[in-house]
Amino acid sequence: MRTFVAVDLPVELHDKIADIQSKFSDFKFKFVDSHIVHITMKFLGDIPDDKIPDISKALDSVKCEPFEAHVKGLGVFPKPKFAKVLWLGCDGNFDKLYDLINSSLSSFDFEHNIHRFSAHATLARVKYLPNKKKEEFLKLLEELADVDIGTMQVDAFKLKKSTLTPHGPVYETLHEVSLK
Numbered sequence: 001m002r003t004f005v006a007v008d009l010p011v012e013l014h015d016k017i018a019d020i021q022s023k024f025s026d027f028k029f030k031f032v033d034s035h036i037v038h039i040t041m042k043f044l045g046d047i048p049d050d051k052i053p054d055i056s057k058a059l060d061s062v063k064c065e066p067f068e069a070h071v072k073g074l075g076v077f078p079k080p081k082f083a084k085v086l087w088l089g090c091d092g093n094f095d096k097l098y099d100l101i102n103s104s105l106s107s108f109d110f111e112h113n114i115h116r117f118s119a120h121a122t123l124a125r126v127k128y129l130p131n132k133k134k135e136e137f138l139k140l141l142e143e144l145a146d147v148d149i150g151t152m153q154v155d156a157f158k159l160k161k162s163t164l165t166p167h168g169p170v171y172e173t174l175h176e177v178s179l180k
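With full-length UniProt numbering, letter number 59 in the sequence shown gets 59, and the count goes up by one each step, no holes.
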């Protein structure tokens with residue numbers, strides 16, 4: 001099963017996320033449903049079902065205090081003129097949590113991320129952006145660069161299963177770890 005470790009964004013932010021996404025409705029992007037937008041801490045890939053208990057136990061070893069996070073800033077990967085992912089930024093103790101999650105899973109044979117970890121919530125995937133729309137996109141991106149949608153308390157992370165469907169991914173929580 002396809003799995004990842006994530007921090008969910010709270011329900012209180014979903015409408016604000018949908019509002020930001022709506023500002024890009026003139027573009028043919030593949031938007032993430034605002035109710036399932038999350039911060040991916042680690043993508044694990046396809047995992048055999050029988051490994052889930054061991055992975056869950058390893059994640060239970062993560063010792064990190066809950067922290068406040070600020071969801072703000074809009075950007076793209078890899079760069080504005082060649083955007084592939086539209087994201088919301090997240091400030092907080094995510095780097096420490098990321099390191100602890102990685103460390104807890106070090107005995108497993110997961111691929112290491114080739115990119116430096118950057119806490120973010122994916123809002124949309126940019127499949128195609130015609131040149132005639134780039135200027136409009138870059139202007140909107142600049143206008144929303146400092147958008148601030150609020151704060152959240154990070155007090156848990158989850159091991160999730162992702163099932164890809166024609167209507168988008170469906171996520172199921174397999175295990176939850178409370179921060180303490």
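Backbone N, C-alpha and C fix where the C-beta goes; we use that ideal spot for every residue, glycine too.
These numbers were taken from a predicted model, which means no experiment stands behind them.
DSSP three-state assignment for residue i, whether helix, strand or coil
| i | result |
| --- | --- |
| V37 | coil |
| V91 | Reading off the sequence shown, one finds Asp at residue 91, where the question assumed Val. Here D91 sits in strand by DSSP. |
| L129 | coil |
| A58 | helix |
| K180 | coil |
| H70 | strand |
| S107 | coil |
| F82 | helix |
| V147 | coil |
| P53 | helix |
| D155 | coil |
| D99 | helix |
| E65 | coil |
| E137 | At residue 137 the sequence reads Phe, which differs from the Glu that was named. In this structure, F137 counts as helix in the three-state DSSP scheme. |
Span separating the alpha-carbon of residue i from that of residue j
| i | j | result |
| --- | --- | --- |
| Q21 | L105 | 34 Å |
| A119 | D60 | 21 Å |
| Y171 | K132 | 36 Å |
| T40 | F157 | 10 Å |
| I17 | L123 | 8 Å |
| F43 | F4 | 4 Å |
| H167 | D49 | 24 Å |
| H175 | V126 | 31 Å |
| L138 | I149 | 20 Å |
| Y98 | L159 | 13 Å |
| E65 | P169 | 30 Å |
| D146 | V32 | 21 Å |
| residue 201 | K79 | Any answer about residue 201 is impossible in this case: the structure gives the chain only from 1 up to 180. |
| T151 | L129 | 31 Å |
| E143 | D95 | 27 Å |
| I36 | F110 | 24 Å |
| D46 | K134 | 35 Å |
8 Å Cβ cutoff, residue i in contact with chain B
| i | result |
| --- | --- |
| S56 | The structure shown contains no chain B; it holds only a single protein chain. |
Residue span of the alpha helix (DSSP H) that contains residue i, given as start and end
| i | result |
| --- | --- |
| D15 | H14 to S22 |
Residue i, enclosing beta strand (DSSP E) - first and last residue
| i | result |
| --- | --- |
| residue 183 | No answer is possible for residue 183: the residues shown for the chain start at 1 and end at 180. |
| L9 | Per DSSP, L9 belongs to no beta strand (DSSP E) and is neither H nor E. |
Contact test: residue i Cβ vs the ligand FMN heavy atom, cutoff 7 Å
| i | result |
| --- | --- |
| N102 | Within the structure as shown, the ligand FMN is missing, as the structure has no ligands at all. |
For the 8 Å Cβ check, are there 3 or more pairs between the stretch 21-30 and the stretch 63-73? no
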